[in-house]
Amino acid sequence: MLHDKDLCRNDRLLREAQDLLRFEVQCQGRKLLHIHELIREQGLPYHGMKLRTFLNESIANQIVQFYFGQSVGYEDYHTLASVEQLLRMQQGRSESKDRSLAFLRQIAHAGSVDAGIEAFRQGAFADGSNAFLCGPTSSLQNLLHGYLPRYGLNPVCLPPDYPANTLPNPMPRHLRPER
98 MLHDKDLCRN DRLLREAQDL LRFEVQCQGR KLLHIHELIR EQGLPYHGMK LRTFLNESIA
158 NQIVQFYFGQ SVGYEDYHTL ASVEQLLRMQ QGRSESKDRS LAFLRQIAHA GSVDAGIEAF
218 RQGAFADGSN AFLCGPTSSL QNLLHGYLPR YGLNPVCLPP DYPANTLPNP MPRHLRPER
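Okay, so the sequence shown: first residue is 98 according to the numbering used here, each after it adds one.
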């Protein structure tokens, strides 16, 4: 917004938006039905499928936390070289560490976690080259949601030319859910 004054000509709003991270969850279809169930389970005021039923701070926080955890994660970001050093210092089986590093390289090569997962499923990258790691998606769940988070590692790595080895997660620690 600072670089494109056509987006916003209000200096006060620009100052207020400084260091602000916008995270949006679109709720339609099954997500909306899930929220509907949460409202009923928690005994919150229900007004039918109307907007005021869904405008609840507690429910909004639960939904945003869930999808933030699924899409961004709560772990800090590191370069691949930094992740390798951190993993090598941890206790545990070298096979698990090697598998984790191979998958992180695959994500970096593919360009995103989703593309890395798809290459894992298909056995190949979108460009046709062989994936570094492949197999059933279920075997990735422990890696993505168990092994890496246990060591505070985000599956998205910083580019090798990033000016630091680590970038803190944008979610303040005091707002992160207890694990």
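Glycine residues also receive a C-beta, built at the ideal position from the N, C-alpha and C atoms.
Since the structure is predicted, the reported quantities are computational estimates derived from the model, not experimental observations.
CA nearest to the CA of Asp258, picked from Gln188, Leu177 and His131: Leu177
CB Phe163 to CB Gln203, shorter than 8 angstroms? no
At which residues does the alpha helix (DSSP H) containing Arg127 begin and terminate? Gly126 to Glu138
Contact check, Cys124 vs Ile136, beta carbons under 8 angstroms: no
Between the C-alpha atoms of Gly145 and Arg127, what's the straight-line distance to the nearest angstrom? 16 angstroms
Out of Met186, Ile214, Arg106 and Ile160, which has the shortest C-alpha to C-alpha gap to Pro252? Ile214
By alpha-carbon positions, which one of Leu117, Asp211, Tyr248 and Leu255 ends up nearest to Gln69? Nothing can be reported for residue 69, as the shown portion of the chain is limited to 98 through 276.
Should Cys254 be labelled buried (16 or more other beta-carbon atoms within 10 Å of its own) or exposed? buried
My assumption, with CB atoms under 8 angstroms, is that His175 sits in contact with Thr263. Please give the rounded CB distance. 5 angstroms
Which runs of the alpha helix (DSSP H), 4 residues or longer, sit entirely within the segment 157-201? 177-186
Taking 8 angstroms as the limit between beta carbons, can you name the residues of its chain near Leu237, skipping five residues before and five after? Phe200, Ile214 and Phe217
Assign Gly170 to one of two classes, buried (16 or more other C-beta atoms within 10 Å of its C-beta) or exposed (fewer than that). buried
Thinking C-beta only, is Asn239 closer than 8 angstroms to Glu172? no
State the start and end residues of the unbroken alpha helix (DSSP H) segment that holds Ser235. Ser235 to Asn239
Using the Cα positions of Ala221 and Asn227, report the straight-line distance between them to the nearest angstrom. 4 angstroms
Does the separation of the CB atoms of Leu250 and Val180 fall below 8 angstroms? yes
Just tell me which of Lys147, Leu141 and Phe165 has its CA closest to the CA of Phe154. Checking the sequence, you will find Glu at residue 154 rather than Phe. Selected option, being the one with the closest Cα: Leu141.
With a 10 Å radius around its C-beta and 16 neighbouring C-beta atoms as the bar for buried, classify Ser209 as buried or exposed. exposed
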